[in-house]
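K.L.:
Below: one structure in structure tokens.
Numbering (the working numbering), first residue to last: 210 to 318.
Right, here's the structure in full:
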């Protein structure tokens, strides 16, 4: 049997780049982390404020923030006794906005 499908090639062969992208996307792939990212979409926020916005412990929030930092989705800065978080860059805000917009679209039947 003859194959009529055209040959395709993977354009990205950089395994390190692919793995970094996968880690980044895994950072989005948790409801709590996604909500934290939404909270940070337009503002820099203190950890205390993040904890107050959720009905989970500070240690659970800290764990999620560590995952977000490791995925390079957020950055932090310390001011006195407080740690503030914000999105790492404009790309993250765009990804967040695009994923929400895409999720609002009606699914085709």
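Every residue, glycine too, gets a C-beta built ideally from N, C-alpha and C. Quick caveat: nothing in here was measured; it's all calculated off a predicted structure.
Roughly how many whole angstroms lie between the Cα atoms of residue 218 and residue 228?
P.N.:
Here residue 218 is taken as the residue at index 9 of the chain shown, counted from 1. Here residue 228 is taken as the residue at index 19 of the chain shown, counted from 1. Cα to Cα, residue 218 sits roughly 19 Å from residue 228.
K.L.:
Quick one: any contact between the segment 261-271 and the segment 304-318, if contact means 3 or more CB pairs under 8 Å?
P.N.:
They do not touch, by the three-pair rule.
K.L.:
What are the partner residues of residue 295, as DSSP defines its beta bridges?
P.N.:
On the chain shown, position 86 is the one that residue 295 refers to. BP columns for residue 295 point to 284.
K.L.:
Please determine, among 298, 292, 273, the residue with the shortest C-alpha to C-alpha distance to residue 235.
P.N.:
Numbered from its first residue, the chain shown carries residue 235 at position 26. Residue 273 is the option with its Cα nearest to residue 235.
K.L.:
What is the rounded straight-line gap between the Cα of residue 232 and the Cα of residue 263?
P.N.:
Sequence index remark: in the chain shown, residue 232 carries index 23 (1-based). Sequence index remark: in the chain shown, residue 263 carries index 54 (1-based). Rounded to the nearest angstrom, the two C-alpha atoms are 24 Å apart.
K.L.:
Need the endpoints of the alpha helix (DSSP H) that residue 275 sits in, please.
P.N.:
As a first step, residue 275 must be located in the chain shown, where it is residue number 66. Residues 267-279.
K.L.:
If I follow the unbroken alpha helix (DSSP H) through residue 261, where does it start and stop?
P.N.:
The residue given as residue 261 occupies position 52 in the chain shown. 256-262 is the span of the alpha helix (DSSP H), which, as asked, contains residue 261.
K.L.:
Run the CB neighbour count on residue 242, radius 10 Å, all protein chains shown included, and call it buried at 16 or more, exposed below.
P.N.:
In the chain shown, residue 242 corresponds to position 33, counting from 1. Residue 242 is buried by the Cβ-count criterion.
K.L.:
So, helix, strand or coil for residue 214, using DSSP?
P.N.:
The residue given as residue 214 occupies position 5 in the chain shown. Three-state DSSP puts residue 214 in coil, outside helix and strand.
K.L.:
Alpha carbon to alpha carbon, how far is residue 280 from residue 325? Give it in angstroms, no decimals.
P.N.:
Residue 325 lies beyond the residue range present for the chain, which begins at 210 and ends at 318; the question has no answer from this structure.
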